[in-house]
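Trainee: Structure provided below as structure tokens; questions to follow.
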Ligand code: 6PG
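In this note's numbering, the protein residues as written are 4 to 234.
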């Protein structure tokens with residue numbers, strides 16, 4: 004595993020460069036295979052990058068987009084990652100992309116896994132580009148420290164797992180660790196001095212302590228990950 008850091012003087016500059024980098028990868032995948040897959044994270048960090056990405060000149064009709072993880076809420080809920088993605092990414096040119104939602108009407112993500120996994124047959128596997136965020140506790144996607152489903156989600160051969168975060172709100176559905184690390188392009192998108200320090204701590208931690216940092220467990224299995232960071 005090695006990390007290539009890309010540091011920017013502003014979040015706006017980061018958003019532009021990350022969007023350009025993702026667009027380049029998607030175009031290459033389309034040129035090689037006629038289709039491209041992109042998995043994006045939710046949370047507060049990606050909205051600006053989504054807005055920069057959606058106007059990129061590429062054949063969005065050949066792009067399949069899904070989420071790295073989703074909170075178990077309906078798409079009109081304020082906390083929905085799908086809502087964030089629809090409002091900020093699936094607009095302008097990118098409205099032509101195919102979006103695969105990770106929620107249905109089931110009471111829990113555990114009950115919904117089979118149905119939602121079947122939707123992902125339209126997604127290139129491996130997914131060409133996976134954009135990860137990171138929480139202040141070292142979680143990434145919805146691989147949360149101390150979640151009862153964490154070990155299963157790190158070992159599963161399925162694309163998706165259901166996770167109950169010990170502290171954060173809402174049950175989650177998430178790409179499993181193996182389905183994330185299979186991607187040839189894993190990018191970590193973080194901002195702020197605190198997350199930079201946390202990621203450096205996680206990567207430097209003694210191997211016995213990495214359990215508490217799911218981001219480390221993921222990155223340990225990626226040959227080269229790019230980190231896009233701005234204060
Ligand atoms: C989610 C995410 C999650 C996110 C981190 C960082 O649904 O919560 O996809 O993994 O990337 O929690 O979130 P922020 O960008 O809000 O700090």
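Using N, Cα and C, we set each Cβ at its ideal position, and we do this for glycine too. Owing to the predicted nature of the structure, the values given are computational and were not obtained by experimental measurement.
Under the DSSP definition of a beta bridge, which residues are partnered with residue 188?
Mentor: Paired residue(s): 132.
Trainee: Who are residue 5's beta bridge partners in DSSP?
Mentor: 227, per the DSSP bridge assignment.
Trainee: When DSSP labels each residue in this structure, what does residue 47 get in the three-state scheme?
Mentor: If DSSP states are grouped into helix, strand and coil, residue 47 belongs with coil.
Trainee: May I ask you to report which of helix, strand or coil DSSP gives residue 109?
Mentor: Of the three classes helix, strand and coil, the one that applies to residue 109 here is coil, per DSSP.
Trainee: What does DSSP give as the partner residue(s) for residue 53 in the beta ladder?
Mentor: Paired residues: none, contrary to the question.
Trainee: Using only the heavy atoms of the ligand 6PG, determine whether one of them is closer than 6 Å to the beta carbon of residue 44.
Mentor: Yes; taking the cut-off as 6 Å, the Cβ of residue 44 has a heavy atom of the ligand 6PG nearer than that.
Trainee: Please state whether the Cβ-Cβ distance between residue 177 and residue 159 is less than 7 Å.
Mentor: No. Outside cutoff.
Trainee: Would you list the one or two residues that DSSP bridges to residue 63?
Mentor: Per DSSP, none; premise fails for residue 63.
Trainee: Between residue 56 and residue 166, what straight-line distance do the alpha-carbon atoms span, to the nearest angstrom?
Mentor: Approximately 29 Å, taken between the alpha carbons.
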